[in-house]
Amino acid sequence: MRQLGMKFRTWGGARKGAGRKPKGERAGMPHVVREPLKARFPVHATWRMDKGVWNLRTRRCFSAMQRAMYAGALKNSFRLVHYAVMGNHVHLIVEAHDRAKLATGMKGLGVRIAKALNRVMRRQGRVIGDRYHAHILRTPSEVKRARHYLLTNAQHHYGHAHADMFASQVALVAPRTWLLRRVL
């Protein structure tokens, strides 16, 4: 007698590339593993807000966001050093010990911002539209350009000739990384 081989089904279950592909505005940031982060590098992170969120560059939204950002600026190996608030998105320069600390720090900051904005808008629900986009800053010139971008982005978008009151002109917390200390 010969033993019969078992044939397994090839459909269903978790596998690479499975599932419906998001289209249009729902596509957002891809759910891929982020590149490793070393503690010596700062990160330029960007968050887009959900569609139903009010303009962030109003006094009441910005003041609530600013309180939340100052409260979450220094938490467990995560530092929020600079920010720039646009109408529907936020640019941040942050420091973290590694990828996991960056993720938990951004999540905690996102929760603070969401709760603050929901209180202002007297509603419940989603505030952060998608996962954050992170770009690791590895050279002094990259850090200098990122900081300059944060400070002058409003001039590009809104045509302001003066310093942007919705961007941090000075660091919220003292930077730990050599790259940020050198630029400031």
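With the working numbering applied, the sequence shown corresponds to residues 72 to 255, in that order.
All C-beta atoms, glycine included, are put in the ideal place defined by N, C-alpha and C.
So the candidates are the options; which of them puts its Cα closest to the Cα of residue i?
i	options	result
residue 222	156, 111 and 139	156
residue 185	140, 149 and 164	140
residue 109	78, 232, 207 and 100	207
residue 114	230, 176, 225 and 182	176
residue 198	231, 93 and 121	121
residue 203	150, 252, 102 and 91	102
residue 117	148, 142 and 154	154
residue 183	142, 79 and 124	142
residue 187	124, 174 and 239	124
Tell me which same chain residues have a C-beta within less than 7 Å of the C-beta of residue i, skipping the five on either side of it?
i	result
residue 107	170
residue 195	189
residue 105	170 and 205
residue 253	211
Determine the contact status of residue i and residue j, defining contact as a CB-CB distance below 8 Å.
i	j	result
residue 89	residue 152	no
residue 119	residue 162	no
residue 211	residue 255	no
residue 130	residue 237	no
residue 216	residue 112	no
residue 144	residue 138	no
residue 164	residue 247	no
residue 235	residue 99	no
residue 172	residue 147	yes
Is the shortest distance between the beta-carbon of residue i and the beta-carbons of chain D less than 8 Å?
i	result
residue 92	No chain D appears in the structure shown, which is made up of a single protein chain.
Where does residue i fall in DSSP's three states?
i	result
residue 177	helix
residue 124	coil
residue 208	coil
residue 245	coil
residue 156	strand
residue 115	strand
residue 238	strand
residue 163	strand
residue 149	strand
Between which residues of its own chain and residue i is the CB-CB distance below 6 Å, once the five residues before and five after are set aside?
i	result
residue 181	199
residue 77	none
Please go through the same chain and pick out, in chain order, the residues whose beta-carbon is closer than 8 Å to the beta-carbon of residue i, but skip the five residues on each side of it.
i	result
residue 158	126, 127, 128 and 228
residue 86	none
residue 226	232 and 235
residue 244	144, 145, 150, 151 and 152
Inset, instruction - Decide yes or no for the touch test of the segment 183-201 against the segment 129-137: beta carbon pairs closer than 8 Å, at least 3 of them. - result: yes
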